[in-house]
Structure formats: C-alpha cells, structure tokens
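Novice: First, the structure itself, so that you have it in front of you.
Numbering (our numbering), first residue to last: 5 to 310.
Right, here's the structure in full:
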C-alpha cells in the first residue's frame, strides 16, 4: 500500500484482521517479522520507534492523556505541560493555542479537560498530536465511543488538517460513514492480508449486485419468495420482520438494461399485489456495509440490520 501526502487513508476489515497491528508496525511499536515499511524514505525496520521522533505521531481512540492533574487545569496549560514533558520545544503556550484553534476548541482553552465532553476530549488529544508538528498522523479507531455528532465534528477536523494543512492521515475504523465521508482511499484487511485497495466508491461496487429493490409489505410467505426467485435475473430474495410488517429485499443482476430492470420490477409488483399489501417501495444501490460484508466473505443476512 502507498499513502500519498495530504491524503486520508483508511484501514478497515473485520475484527482480528490486523488493523491495529499494522498501525503499531508503522508506528514502530512492533517490529515486522518480515517485510518493511518506508515512511518519507525511512526504513521502519532500521529506525523503529524513532520514527515518532522523525516524522510521525500516533494515538488510539481509547487513549486519554488528560486524566489526573492534567484534567484539572486549563486545557491550554495541560497541552503545554504534556507537550513539554514529551520533548516538544519552542513557545509552547502559543503552539497550544494554535493547536486548539485548528481543532475548534480555542474558546474552551481556559476550561478544565474534565469539563469536556467525550468528543471534545478526543479533539483535545488531536491538538496534542498537532503540537508535535509531525506531518503524518496514525489514528487507531479515533471516533470509537463517540456519538454521531461528535464523530462528525472530529472527521471535519481531520479533513481540514489533510486538505488545508497538508497532513497525511492513516486511520483504522469500523464505521462505514467514516470511510464514506472521510477517506480518500482505503485498504481492506482480512487475515493479515490486504485483499482490496481503492476508493470508497470502488469498494461499494465490489458488491455482486448493484440493483436492489426493497418492499415493505403486510406479510410474506415462502411461496411468494420462491415465485420472485423464479424471475429471470433475480439474484437473491431475502425477507425479515419489520415492526409487524415484512421487509423484502430483492437483488437484481448487474447485466441488465433499464428496460429489462423495469420489466423485472413490474413482475415483482404483480406477484406481491396478488398475495399481500404493499406499503412502500424503494430502489437503491448497495452501501458500504454490504460491501464490507461481501469483502469479508460473508453473505448478507436478511435478519440482521446493516
């Protein structure tokens, strides 16, 4: 895998695929058993953890630097003291204020970190990374445990840092919204191997069927599903209970034109209309959750939410 400067690069895959291990290898926390990584020309096997002193800094979404005494002093001072302890030089107070501006916390600079929400604390951790003034950030599940609003705010900061400030950001995540709205490119890991590299849209297109019809009906029986399965070009039919109604999901082959797709849709409607009441119909493309499942080698389970 190659990560260009100024790009947000996602590493995704099922649990145990090796995402955190890869971040730890790149960060010099682990030594490769074979192979290597080159970061701005530095061979990670040779420089090891010193890569953090040279050009890279990292953090995990589970980290919390602002505990104990550092949680009970103004945020700007906590940043100043922590950065100083970790070897950052220069006008630390000014650098702390600049970092707080970048992550959108400047107006909170005199508040104690223990007064911050989880999302604000995560951005405060990011401000500390910025104070190291390294061009590469490695983030291991940085939005874990954050609600959608705070996760979006954090992602917005990452995009600003990459696009406006030229940071290169490598992150692992399990959230497909993060992949869709944040990552320029991704690699999918499975059993320690990269099995896909491309853009989020290219990943989405790896789903076998790109045409999906969804119906909300009063009831569905197995006979009805089998009748729909007999229609030419129908790839898969799945159903599940949905608030005392039934949700039917029909996948259609990619190798059809618009006219044939409309014909198939009419046949499905005809079958359903004879045996059940239709409340809602929707046509959509597969999403990244379904692409994730396809790449992980698992079939879509109609009894599970995406």
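Ideal Cβ placement from N, Cα and C applies to all residues, glycine included.
On the CB-based measure, 16 or more other CB atoms within 10 Å of its CB, does residue 47 come out buried or exposed?
Specialist: Answer is exposed; the Cβ neighbour count stays below 16.
Novice: Which stretch, first to last residue, makes up the alpha helix (DSSP H) that contains residue 267?
Specialist: Taken as a continuous stretch (DSSP letters only), the alpha helix (DSSP H) holding residue 267 covers 262-279.
Novice: Since residue 71 is in the alpha helix (DSSP H), which residue starts that stretch and which ends it?
Specialist: Looking at the DSSP string, residue 71 is not in any alpha helix (DSSP H), and its letter there is neither H nor E.
Novice: With DSSP collapsed to three states, give me the class of residue 181.
Specialist: If DSSP states are grouped into helix, strand and coil, residue 181 belongs with the helices.
Novice: Using the Cα positions of residue 291 and residue 216, report the straight-line distance between them to the nearest angstrom.
Specialist: Rounded to whole angstroms, residue 291 to residue 216 spans 10 Å at the Cα level.
Novice: Below 8 Å on the Cβ atoms is my contact criterion, and I expect residue 219 with residue 134 to pass it. Report the Cβ-Cβ distance as a whole number of Å.
Specialist: That belief does not hold up - the Cβ atoms of residue 219 and residue 134 are roughly 49 Å apart, past 8 Å.
Novice: Residue 129 and residue 56 - do their beta-carbons sit closer together than 9 Å?
Specialist: Against a cut-off of 9 Å, the Cβ pair of residue 129 and residue 56 comes out as no contact.
Novice: In chain order, what residues of the same chain lie with their CB nearer than 6 Å to the CB of residue 29, ignoring the 5 residues before and after it?
Specialist: Here the set comprises 36.
Novice: Taking 8 Å as the threshold, find out whether the segment 248-258 comes into contact with the segment 173-183 through three or more Cβ pairs.
Specialist: Contact fails: fewer than three Cβ-Cβ distances are below 8 Å.
Novice: Once the 5 residues before and after residue 127 are set aside, which same chain residues still bring their CB inside 8 Å of it?
Specialist: Excluding positions up to five away in sequence, the list reads 107, 108, 109, 157, 158, 161.
Novice: Are the beta-carbon atoms of residue 201 and residue 27 separated by less than 9 Å?
Specialist: No. Outside cutoff.
Novice: Is residue 172 closer than 9 Å to residue 132 when the C-beta atoms are compared?
Specialist: Not in contact: residue 132 and residue 172 (Cβ atoms no closer than 9 Å).
Novice: So what's residue 133 in DSSP terms, helix, strand or just coil?
Specialist: Helix at residue 133.
Novice: If you check the beta carbons only, do residue 79 and residue 38 fall under 9 Å apart?
Specialist: Contact flag unset, no.
Novice: Should residue 104 and residue 83 be called a contact, given that it needs their Cβ atoms to be closer than 9 Å?
Specialist: Closer than 9 Å, so yes.
Novice: Just confirm the distance between the C-beta atoms of residue 256 and residue 265, as a whole number of angstroms; I'd bet it's less than 8 Å.
Specialist: Confirmed, Cβ separation roughly 6 Å.
Novice: Among 144, 150, 99, which residue has its Cα nearest to the Cα of residue 124?
Specialist: Of 144, 150, 99, the residue nearest in Cα terms is 150.
Novice: On the DSSP letters alone, give me the boundaries of the beta strand (DSSP E) that residue 207 sits inside.
Specialist: Where residue 207 is concerned, there is no enclosing beta strand (DSSP E), although the alpha helix (DSSP H) it sits in stretches over 204-208.
Novice: Scan the segment 113-169 and note each continuous beta strand (DSSP E) run of 3 residues or more that stays entirely inside, going in chain order.
Specialist: Within the segment 113-169, the complete beta strand (DSSP E) runs of at least 3 residues are 140-144.
Novice: Which residue wins for smallest C-alpha separation from residue 238, given the options 214, 224, 277, 221?
Specialist: Selected option, being the one with the closest Cα: 214.
Novice: Go to residue 34, then tell me how far its alpha helix (DSSP H) extends in each direction, as first and last residue.
Specialist: No alpha helix (DSSP H) contains residue 34, which DSSP labels as neither H nor E.
Novice: Taking only the alpha-carbon atoms, compute the straight-line gap between residue 299 and residue 147 and give it to the nearest angstrom.
Specialist: When rounded, the distance between both Cα atoms is 23 Å.
Novice: Using C-beta distances below 7 Å, list every residue in its chain close to residue 11, excluding the 5 sequence neighbours before and after it, in chain order.
Specialist: Contacts found: 166, 172, 188, 189.
Novice: So, for residue 232: in the same chain, excluding its five sequence neighbours on each side, which residues have a beta-carbon less than 7 Å away from its beta-carbon?
Specialist: 238, 241, 254, 272, 275.
Novice: Roughly how many angstroms lie between the CA atoms of residue 77 and residue 113, to the nearest whole one?
Specialist: Approximately 10 Å, taken between the alpha carbons.
Novice: Can you tell me where the beta strand (DSSP E) with residue 189 in it begins and where it stops?
Specialist: Element bounds for residue 189: 189-194.
Novice: Between residue 9 and residue 17, which are expected to be in contact by the criterion C-beta below 8 Å, what is the C-beta distance as a whole number of angstroms?
Specialist: Residue 9 to residue 17, Cβ: 24 Å. No contact.
Novice: Residue 294: buried (16+ other C-beta within 10 angstroms of its C-beta) or exposed?
Specialist: Buried: at least 16 other Cβ atoms inside 10 Å.
Novice: Measure the beta-carbon distance from residue 21 to residue 196 and round it to whole angstroms, keeping in mind my assumption that it falls under 8 Å.
Specialist: Right, their Cβ atoms sit about 7 Å apart.
Novice: Just the Cα atoms here: how many angstroms apart are residue 14 and residue 191?
Specialist: The alpha-carbon atoms of residue 14 and residue 191 are separated by roughly 6 Å.
Novice: Would you kindly check if the distance between the Cβ of residue 184 and the Cβ of residue 225 is under 9 Å?
Specialist: The answer is no: Cβ separation not under 9 Å.
Novice: If you compare alpha carbons, which of 154, 81, 168 is closest to residue 139?
Specialist: Answer by Cα proximity: 168.
Novice: Which of helix, strand or coil does DSSP assign to residue 44?
Specialist: Coil, per DSSP.
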